[in-house]
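Have a look at the structure below, then the notes.
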Ligand SMILES: C[S@@+](CC[C@H](N)C(=O)[O-])C[C@H]1O[C@@H](n2cnc3c(N)ncnc32)[C@H](O)[C@@H]1O
């Protein structure tokens, strides 16, 4: 399956900021509770974007873990490198890697392979997760997070009401519990599915619409089925704003729950 997916850095950073501002729970805390990364570990982050999880693991280990963040977006890697220069962590490096190609690392190199909202977009799951398995040391863990099918239900319901159109299955969430879990289970051992729920409460319509706009690159399949060109896009956003305003006036708030799955497995 070929999935063209290119995140834009502004969209990704806007969504991260909105999750952090209006979310009830902290996904980073969940992440480190699950993994408990320790000093001396060699960690590979696949699809690191602007480096969020790399900086998290670095802070959690007091800069004592050896962290490699990889991505195929030069724009996002640029952001990550900029932030690294400001922070000065000597234990993190960032580099280009397309997870649809052979990983440029030796066998049995890493103590932990983490991939947040990224690797599940792989074109050939078997190939990519076989590569992930190859570069991990025996007994060490893989942790992959992504959306579960019940993720962001309110977001999709508002879009459905605004457009009177069915929502196509999202490539991430529709595959996560099925194909992706099964592929990992067939290659790794001790595979388990964990769940993290985070209600995001928007105190006004405007930040919700900001989130809707910032989901364009993530939910590309949804969006491209609904408009052609800038004018149609703005007309669609207008309709979504009307529905969201009606919901907000009815309920006094807009609550969208992020439902995240974490697949944890060992080599
Ligand atoms: C939703 S972002 C998540 C980024 C980061 N892990 C975070 O949580 O902030 C998905 C990332 O996957 C990257 N990505 C998508 N396809 C890729 C590929 N074939 N190879 C490497 N990275 C890819 C994107 O560039 C983007 O940085």
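Numbering (my numbering), first residue to last: 19 to 285.
C-beta: ideal position from N, C-alpha, C; glycine also.
Quantities reported herein were computed from a predicted structural model and do not represent experimental measurements.
{"Item": "Within 7 Å: the Cβ of residue 276 and any heavy atom of ligand 1?", "Value": "no"}
{"Item": "Under the DSSP definition of a beta bridge, which residues are partnered with residue 41?", "Value": "218"}
{"Item": "Would you kindly report the start and end of the unbroken beta strand (DSSP E) that includes residue 120?", "Value": "Run containing residue 120: none; DSSP gives neither H nor E here."}
{"Item": "Is there at least one non-hydrogen atom of ligand 1 closer than 7 Å to the beta-carbon of residue 236?", "Value": "yes"}
{"Item": "Any heavy atom of ligand 1 closer than 7 Å to the beta-carbon of residue 30?", "Value": "yes"}
{"Item": "Please report how far the alpha carbon of residue 63 lies from the alpha carbon of residue 131, in whole angstroms.", "Value": "6 Å"}
{"Item": "At 4 residues or longer, and completely inside the stretch 62 to 105: list those alpha helix (DSSP H) runs for me, N to C.", "Value": "70 to 78 and 92 to 105"}
{"Item": "Between the stretch 140 to 149 and the stretch 262 to 275, do at least 3 Cβ pairs fall closer than 8 Å?", "Value": "no"}
{"Item": "Can you determine whether any heavy atom of ligand 1 sits closer than 7 Å to the C-beta of residue 94, and answer yes or no?", "Value": "yes"}
{"Item": "Considering only C-alpha positions, which residue in the set 27, 175, 232 and 46 is nearest to residue 10?", "Value": "Residue 10 lies beyond the range of the chain shown here (19 to 285); nothing can be said about it."}
{"Item": "Say whether the stretch 38 to 45 touches the stretch 83 to 95, bearing in mind that this needs 3 or more beta-carbon pairs closer than 8 Å, one atom from each stretch.", "Value": "no"}
{"Item": "According to DSSP, is residue 55 helix, strand or coil?", "Value": "coil"}
{"Item": "Helix, strand or coil for residue 233? Go by DSSP, reduced to three states.", "Value": "coil"}
{"Item": "What distance in whole Å lies between the Cβ atoms of residue 164 and residue 194, which are believed to be in contact at a cut-off of 8 Å?", "Value": "5 Å"}
{"Item": "Terminal residues of the continuous beta strand (DSSP E) containing residue 284?", "Value": "272 to 284"}
{"Item": "Between residue 304 and ligand 1, is there a pair consisting of the residue's CB and a ligand heavy atom that are separated by less than 7 Å?", "Value": "This structure leaves residue 304 out entirely; the chain is present only between 19 and 285."}
{"Item": "Sort out for me which residues DSSP pairs residue 213 with in a bridge.", "Value": "279"}
{"Item": "Is it a yes or a no for the stretch 109 to 123 touching the stretch 160 to 177, going by three-plus beta-carbon pairs under 8 Å?", "Value": "no"}
{"Item": "Any heavy atom of ligand 1 closer than 7 Å to the CB of residue 280?", "Value": "no"}
{"Item": "Does the beta-carbon of residue 103 have 16 or more other beta-carbons within 10 angstroms, so that it is buried, or is it exposed?", "Value": "exposed"}
{"Item": "Closest by CA to residue 95, which one among 107, 81, 115 and 215?", "Value": "115"}
{"Item": "List, from N- to C-terminal side, the beta strand (DSSP E) runs of 3 residues or more that fit wholly inside the stretch 117 to 179.", "Value": "128 to 134 and 154 to 165"}
{"Item": "According to DSSP, is residue 245 helix, strand or coil?", "Value": "coil"}
{"Item": "Go to residue 202, then tell me how far its alpha helix (DSSP H) extends in each direction, as first and last residue.", "Value": "199 to 205"}
{"Item": "Under 8 Å, do residue 262 and residue 176 count as touching if we go by C-beta distance?", "Value": "yes"}
{"Item": "Secondary structure at residue 258, three-state DSSP: helix, strand or coil?", "Value": "helix"}
{"Item": "Count the other CB atoms, across all protein chains shown, that sit within 10 Å of the CB of residue 212; report buried if there are 16 or more and exposed otherwise.", "Value": "exposed"}
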